[in-house]
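Novice: Protein chains in written order, with the working numbering: chain A, 1 to 587; chain B, 588 to 1174. Idealized CB from N, CA, C, for every residue including glycine. All values reported here derive from a predicted model rather than from experimental measurement.
Protein chains: 2
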Amino acid sequence: MTCGDLRPTHVGKKVVLSGWVHRSRNLGAMVFVDLRDRYGITQIIFDPNISPEAVYEASKELKHEYVIRIEGEIVMRKSPNHKIPTGLIEVQAHDLSVLSEANVPPFAIADDTIDVHEDLRLRYRYLDMRRGEILPNLVMRHKAMQVVRHALTEDGFIEVSTPVLSKSTPEGSRDYLVPSRVHPEKFYALPQSPQMFKQILMVGGLDKYFQIAACCRDEDLRADRQPEHHQIDMEMSFATQEELFPIIENLVGRVFHECKGVELAPPFRRMTHREAMERYGTDKPDLRFEMEIVDATDLAEKTSSALFTESISSGGVVRGLNLKGGARLSRKEIESYQQLVSQFGFKGIAWIKSQEDGLQGAIAKFIEEEERQKWIDRFEMEIGDCLMIIAGEKKRLLQALDQLRRRLGKDFDLIDSSRYEPLWVVDFPLFMWNEEEDRMESETHPFTSPHPDDLELLEKDPLAVRSMGYDLVVNGYEIGSGSQRIHDREVQKRVFSVLGLEDEEVRDRFGFFVEALGFGTPPHLGIGLGLDRLIMILIGSENIKDVIAFPKNHWAQDLMTGAPSEVYEEQLQELAIKIEQSVVGQN
Amino acid sequence: MTCGDLRPTHVGKKVVLSGWVHRSRNLGAMVFVDLRDRYGITQIIFDPNISPEAVYEASKELKHEYVIRIEGEIVMRKSPNHKIPTGLIEVQAHDLSVLSEANVPPFAIADDTIDVHEDLRLRYRYLDMRRGEILPNLVMRHKAMQVVRHALTEDGFIEVSTPVLSKSTPEGSRDYLVPSRVHPEKFYALPQSPQMFKQILMVGGLDKYFQIAACCRDEDLRADRQPEHHQIDMEMSFATQEELFPIIENLVGRVFHECKGVELAPPFRRMTHREAMERYGTDKPDLRFEMEIVDATDLAEKTSSALFTESISSGGVVRGLNLKGGARLSRKEIESYQQLVSQFGFKGIAWIKSQEDGLQGAIAKFIEEEERQKWIDRFEMEIGDCLMIIAGEKKRLLQALDQLRRRLGKDFDLIDSSRYEPLWVVDFPLFMWNEEEDRMESETHPFTSPHPDDLELLEKDPLAVRSMGYDLVVNGYEIGSGSQRIHDREVQKRVFSVLGLEDEEVRDRFGFFVEALGFGTPPHLGIGLGLDRLIMILIGSENIKDVIAFPKNHWAQDLMTGAPSEVYEEQLQELAIKIEQSVVGQN
């Protein structure tokens, strides 16, 4: 029996309950204790007329968070509490054992309205868990993991554990290294993903693999990153996108159904990378609301606005959003969004309101009378709308409009938070140009297959080559990324060559892997879905720490255990490593 | 359709099959190809009278391990192969695509009778997988993992992932360390087990936890060890052994049932640690056969054998085994077991045969006539049996007799390999004496609860104190170990004190953990089951590498990837560590 179970039907029965003292009130004539466990809260009453004296006396000494065990009889409550499921009954205690005393907690457990600083919550994660927010998230995560494994097992996938102590993979992020004691001067790397291992399983003849894998990346942390995250990782051979997508749609659909009661109807929408960029300025558009990016470069060219025409003549574009009903915004309110776009290097937002008496706004006067209707038509403007327009270099402009669109979506309540809009973004570019290092790079990794229709462009116009890569996006968040891999040695060689990788470098960086691919590689493809992100979407949180039992803080520290921490000199000696006296300077 | 699916009922149908060229025979008039995938082998026939010419010509060029795709018609086979399920049919190929060519493999895939050196198998693990031994083991492992999670989920347990980047736990083995880039001079440790995290989850109010966790220990490797292994890890609060054991018996029982079709009837046998040591010389007895250790110290004392009496007078014991039917062994055969016991420091085995004409053997003459029947009765000897007896220090003697018993069990076919004998070994000692370091140590870890009946012995006679620890043993292998933990602060302090741990040291080594236990700890207990070991027992292998997709070799190397390996100087600079010029000397 738990503290969440008892109902009026149990009245008259004896019960044993254990849990934590959530609240305790000594009313003089009686002691009331709210007893708490993971399942709920039950009121315990210590009545000197019913409880033995020793029990009653002991009950007066109970303090917050003591762990106790009581025996008693279930009775109806005189003043029922309709806010909790057990609120109609209470338990008259006949016996009491204190199982464990408790120090005074550094923050209140019972009052979850108090905002506790995140550092303190992380430092005392176990007390934070008792406050009731984290444990249900972990239960949801548990449920999602079981659904994932169940669905994939039904589809014939085999769960394989790949090594923790492994070798660097060419994923592009920084590796966490593990010095080897047995082999001085050598290091393992923690896996950034099981990418190579899963492809090698395909080479080995396992045709359907999955794993919920811990992946470690030593990146500088952003709000939604952790040094380690979990990936629902899978791969299959002798198959195509058209076979993989329904499997993933079923998988994700079942998670949403069983964890959230939400139906995601397959097949999910698909959009090319190019289309997503043009319409939403991002490869992970939030489709829960409209307000697409509209191109007005041709119209802007005909205005007398120097802002527009100068941008265009130096190769820029003019695009904007139509904020429905935005005409009621004051100039000041509109300008509050200037700051957002200024982060991308834009001086300002040009805005045009559609009022009863025509187009308004500083920029409107530069538009010829006969051109105005074209603007109205292009942006599908109605009276009361407000355009927000930026002019400049296309790539940055799209980034800025994506951010502006997301912000407006939130600020103007355009997003139905009960909606879930999954989307496949397909036909990603195969390469991208690394401006800093002045060289060609893979968009994901060098084993992603080029689109077969673009093979002849590989050397001629590599940046125009589409890949067989795809992302799964939900509500504006990327939750998965994958691709068809290269299984043809000649194609692989051509891709390495475009990347400027010499044979020797290839051998150095992933020689064993390329060698493996040479022994008969089946066509194969796969995907990795971010488990943490998926749970965040399910619970509606934007803080990844909410879905991880023991998260690290922004500085990759575990405030509870104190990791990372200093170690004994002997440990380093055994590993034959020395700490370098800091050259970057001690803070 | 896979290469394992087709049967005579499919004859006349068209089929598309993909796979690897397992064997290829050009008979001049026709080409036969055995096409292989994970599910089986199907014979493909390229007949110039049926296949288009280009297809037929291409089929002549097919080499071992090429990946191909064929289309064709299913026909009955003229010369059926009854050894394989698809042996009654074959496929007449109409079309052929070579999906991927293959280099000549370093060992034959098709002929699995050839013994390939383990190093070569590990180096080309993906080719080893194609030989057919490893993949079925991985499928079994997959199945076992799903059964485990399913059973525990049904019992209300919640799967929680604990950190990979964590802090040293006091498990006693050497940690793998991970230097922190963000915090120079500080290190994470890879978890040796989630012990502290799972106990902290109990403190946090999660009452039922489990996880299949990767655990890393930087030990010198033995045949059956790997630097990382997987543990079915669980913990529950407000419960006792009597509640935990049936859960584990159900769990293990279901794994055996669903993976192996074997029924393990609950409840499993129980034996105290003391009894196991006395009867079998080990805390993990193999109960599939009898031949218990018999104490004959009192009888030996009355003999005139100096070997016996001198041992006894210097504090030793005399114990032995009765090998049923062993009297047919020659002196030479018996002496072949001398070597085994000599490893434990014993000069020899004293043996006594029971023949038609009485007891035989060098030692027999030292036994008085009237004492002989006592020996016969004590060891339950029958005509034809042979006693093997050792005299000496008890601890080593028990170790030797355990090894001798296991060896005799194998050599004399006493073990029914279809039997599975699970056993709970309970009431382990709480402490052990570390002779090398001349100090008291925990048998497992300092959070194991003392047996409540032995609490008053804690300071007086610590080595006599039983713990609430237990092991699960199957067929002579430990597959799990766990305990009731201490939840009472006073008891915890007393245990630390017996261990000679000062407050400061406690704070240093596991301060955060002891602090957590101070905020209201429920009674809790748990267990960790070795997944790898469990699968080894299921498949009947004694090599842990058989149940791991990508195992390390004896020197903790991954021969396939080359891990551990050298890293770039810049990586070490970022981590602010330096390789110490080897002081132990390069080999």
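Please say whether Y126 (chain A) and I787 (chain B) have beta carbons closer to each other than 9 Å?
Specialist: For I787 (chain B) and Y126 (chain A), yes; Cβs fall inside 9 Å.
Novice: Could you give the distance in angstroms between the alpha-carbon of P1037 (chain B) and the alpha-carbon of Y66 (chain A)?
Specialist: Distance between the alpha carbons of P1037 (chain B) and Y66 (chain A) is about 22 Å.
Novice: Over the uninterrupted alpha helix (DSSP H) stretch that includes V495 (chain A), give me the two end residues.
Specialist: Run containing V495 (chain A): 489-498, per the alpha helix (DSSP H) assignment.
Novice: Would you verify that the beta carbon of C216 (chain A) is, or is not, closer than 9 Å to some beta carbon of chain B?
Specialist: Yes - at least one Cβ of chain B is within 9 Å of the one on C216 (chain A).
Novice: Taking contact to mean at least 3 C-beta pairs separated by less than 8 Å, is the region 264-275 of chain A in contact with the region 414-431 of chain A?
Specialist: Yes, since at least three Cβ pairs between the region 264-275 of chain A and the region 414-431 of chain A fall closer than 8 Å, the two stretches touch.
Novice: What residue does the beta strand (DSSP E) around L1059 (chain B) start on, and which one ends it?
Specialist: Element bounds for L1059 (chain B): 1056-1061.
Novice: Secondary structure at K940 (chain B), three-state DSSP: helix, strand or coil?
Specialist: Strand, per DSSP.
Novice: Report the neighbours of G4 (chain A) on chain B: residues whose CB is nearer than 9 Å to its CB, in chain order.
Specialist: Neighbours of G4 (chain A) on chain B: none; closest Cβ ~11 Å, over 9 Å.
Novice: In angstroms, rounded to a whole number, what distance separates the CA positions of F1083 (chain B) and E772 (chain B)?
Specialist: Rounded to the nearest angstrom, the two C-alpha atoms are 29 Å apart.
Novice: Using a beta-carbon distance below 9 Å, is L269 (chain A) in contact with chain B?
Specialist: Leu is not the amino acid found at residue 269 (chain A); the sequence shown has Arg there. R269 (chain A) does not count as touching chain B.
Novice: Can you check DSSP and say which residues form a bridge with A978 (chain B)?
Specialist: Its beta-bridge partners are B:V905.
Novice: Against chain B, with Cβ distances strictly below 9 Å, would Y337 (chain A) count as a contact?
Specialist: Answer no: the Cβ-Cβ gap between Y337 (chain A) and chain B never drops below 9 Å.
Novice: If you compare alpha carbons, which of A:R69, A:V182, A:E235, A:Q192 is closest to G205 (chain A)?
Specialist: Looking at the Cα atoms, A:E235 is the closest of the given residues.
Novice: Can you name the residues of chain B whose CB is closer than 8 Å to the CB of T162 (chain A)?
Specialist: Going along chain B in sequence order, the residues near T162 (chain A) (Cβ under 8 Å) are A1136, F1137.
Novice: When you compare the region 541-548 of chain A with the region 623-636 of chain B, are there three or more beta-carbon pairs, one atom per stretch, that lie closer than 8 Å?
Specialist: Flag = no, the region 541-548 of chain A and the region 623-636 of chain B do not touch.
Novice: Given a cut-off of 9 Å on the beta-carbon distance, is the pair A379 (chain A) and G325 (chain A) in contact?
Specialist: Note that residue 379 (chain A) is Phe in the sequence shown here, rather than Ala. No, these two residues do not count as a Cβ contact at 9 Å.
Novice: In whole angstroms, give me the CA-to-CA distance for Y568 (chain A) and L559 (chain A).
Specialist: Using only the alpha carbons, I get a separation of about 20 Å.
Novice: Are the C-beta of L120 (chain A) and some C-beta of chain B separated by less than 9 Å?
Specialist: Chain B, which has no Cβ nearer than 9 Å to the Cβ of L120 (chain A), makes this no.
Novice: Taking all protein chains shown into account, do 16 or more other C-beta atoms lie within 10 angstroms of the C-beta of R718 (chain B), making it buried, or fewer, making it exposed?
Specialist: It counts as buried.
Novice: Return the first residue and the last residue of the beta strand (DSSP E) that D624 (chain B) is part of.
Specialist: Unbroken beta strand (DSSP E) run through D624 (chain B): 618-624.
Novice: Please work out which residues of its chain come closer than 8 Å, Cβ to Cβ, to C3 (chain A), disregarding the five sequence neighbours upstream and downstream, and give them in chain order.
Specialist: Only L17, G19, L35, R36, D37, Y39, G40, I41, T42, T86 meet the Cβ criterion.
Novice: In chain A, which residues lie with their C-beta within 8 Å of the C-beta of L793 (chain B)?
Specialist: By Cβ distance, chain A contributes R38, M129, L135, L138.
Novice: Looking at the secondary structure, which residues open and close the beta strand (DSSP E) in which Q339 (chain A) lies?
Specialist: Run containing Q339 (chain A): none in the beta strand (DSSP E); it sits in the alpha helix (DSSP H), 338-342.
Novice: Secondary structure at Q798 (chain B), three-state DSSP: helix, strand or coil?
Specialist: Three-state DSSP puts Q798 (chain B) in a strand.
Novice: Report the residue from A:A276, A:V147, A:P179 whose alpha carbon sits nearest the alpha carbon of I212 (chain A).
Specialist: For I212 (chain A), the nearest C-alpha among the options comes from A:V147.
Novice: Rounded to whole angstroms, what is the Cα-Cα separation between G358 (chain A) and I383 (chain A)?
Specialist: Going from the Cα of G358 (chain A) to the Cα of I383 (chain A) covers about 8 Å.
Novice: How many angstroms separate the CA atom of M1055 (chain B) from the CA atom of D762 (chain B)?
Specialist: Those two C-alpha atoms are separated by around 26 Å.
Novice: Quick check on DSSP: helix, strand or coil for V735 (chain B)?
Specialist: Three-state result, V735 (chain B): helix.
Novice: Pull up the CB-CB distance for Q571 (chain A) and L764 (chain B), whole angstroms please, since I reckon it's below 8 Å.
Specialist: With 8 Å as the limit, Q571 (chain A) and L764 (chain B) qualify as a contact, their Cβ atoms being about 6 Å apart.
Novice: Nearest CA to the CA of I74 (chain A): which residue from A:K374, A:H94, A:H82?
Specialist: Of A:K374, A:H94, A:H82, the residue nearest in Cα terms is A:H94.
Novice: Alpha carbons only, please: which of A:F256, A:I415, A:E301, A:G518 is nearest the one belonging to L287 (chain A)?
Specialist: Residue A:I415 is the option with its Cα nearest to L287 (chain A).
Novice: Look at V164 (chain A) and A1143 (chain B) and say whether their C-beta atoms are less than 9 Å apart.
Specialist: No, these two residues do not count as a Cβ contact at 9 Å.
Novice: Can you tell which of A:F197, A:C259, A:V15 has the C-alpha that lies nearest to the C-alpha of P136 (chain A)?
Specialist: The shortest Cα separation from P136 (chain A) among A:F197, A:C259, A:V15 belongs to A:C259.
Novice: Show which residues of chain A have a CB atom less than 9 Å away from the CB atom of E1089 (chain B).
Specialist: Neighbours of E1089 (chain B) on chain A: none; closest Cβ ~17 Å, over 9 Å.
Novice: Among the residues of its own chain, which have a CB less than 8 Å from the CB of D702 (chain B), if the five just before and after it don't count?
Specialist: Result list for D702 (chain B): empty, nothing under 8 Å.
Novice: Return the chain-ordered list of same chain residues with a C-beta closer than 7 Å to the C-beta of F1137 (chain B), the five sequence neighbours on each side being excluded.
Specialist: Here the set comprises R712, D1145, M1147.
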